[in-house]
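If you count by the UniProt record's numbering, then the sequence shown holds residues 1 to 197, one letter each, in order.
Glycine included, every Cβ here is placed at the ideal spot set by N, Cα and C.
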Amino acid sequence: MSIPSPNVGDRCNCDQHPQLSATFDDESTTCELHGPPLPAATAVVNKPTTGPATVAAIPHTKPAPALLRDILAAQLQQQPAVDDTSILVADVGHVYRQYNQWREYLPIMEPFYAVKCKVAPVILELLMRAGAGFIASKWELDQVLAAGANPAKIMNAKPNKPVSYLRQAAASGVRLMTFDTVGELHKITRTRCSSCA
1 MSIPSPNVGD
11 RCNCDQHPQL
21 SATFDDESTT
31 CELHGPPLPA
41 ATAVVNKPTT
51 GPATVAAIPH
61 TKPAPALLRD
71 ILAAQLQQQP
81 AVDDTSILVA
91 DVGHVYRQYN
101 QWREYLPIME
111 PFYAVKCKVA
121 PVILELLMRA
131 GAGFIASKWE
141 LDQVLAAGAN
151 PAKIMNAKPN
161 KPVSYLRQAA
171 ASGVRLMTFD
181 TVGELHKITR
191 TRCSSCA
């Protein structure tokens, strides 16, 4: 089954049902097979000194360079020159296409996204809906679970996991993790067994 690319103007490209005629920025258009449309582009404005990031989905039909110029110009007009707010503009459609390309070229491999790369909720939700798994540390685990990820598709690959994380993971239903030493394996086993009792 092919998953549609979430760009404005794109249509569902699976051969399971007729092509959709509405664009993906129309909230009312839902592919019965693939679910509701995903955002085309997202600007993530991060305010690290004053609070959490704010996210705005921006449907677009422009090429990426023109869209980037427009978004940055609008942000510069809205923010005072002394504002220390950083901004990230991400084409979520590109993330989605890259995920689908991975699945196409390596169909027997299950990709797991390292949450530390970018914790933006819109990216976590997109990858979760696409079927990706997640590699999450203690703090990242809360973010992934808040996005609605299945605990069976979350793992921790950190070489030395704190006991508090192991307890949190057990309580959340996360069962996948790696270990690099026999001592780490024993710590995981002890913590998991005491959490299960």
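Query	Result
Strand pairing of MET177, partner residues [DSSP]	ASN156
Cα-Cα separation, ALA169 to THR191	10 angstroms
Straight-line gap, CYS193 to LYS138 (C-alpha atoms, nearest Å)	19 angstroms
Close Cβ partners of GLU125 (< 8 angstroms) along its chain, the five nearest in sequence each way excluded	ALA147, GLY148
For ALA73, three-class secondary structure by DSSP	helix
Residue span of the beta strand (DSSP E) that contains ILE123, given as start and end	Careful: ILE123 lies outside any beta strand (DSSP E), inside the alpha helix (DSSP H) at 121–130.
ASN160 classed as buried or exposed, judged by whether at least 16 other C-beta atoms fall within 10 angstroms	exposed
Simplified DSSP assignment, three categories, for ALA136	coil
Reference PRO111, options TRP102, THR189, LYS118, closest by Cα	TRP102
Own chain residues within Cβ distance below 7 angstroms of ASP180, not counting five before or after	PRO159
DSSP three-state assignment for VAL163, whether helix, strand or coil	helix
CB-CB length for GLY173 against PRO151, believed under 8 angstroms	4 angstroms
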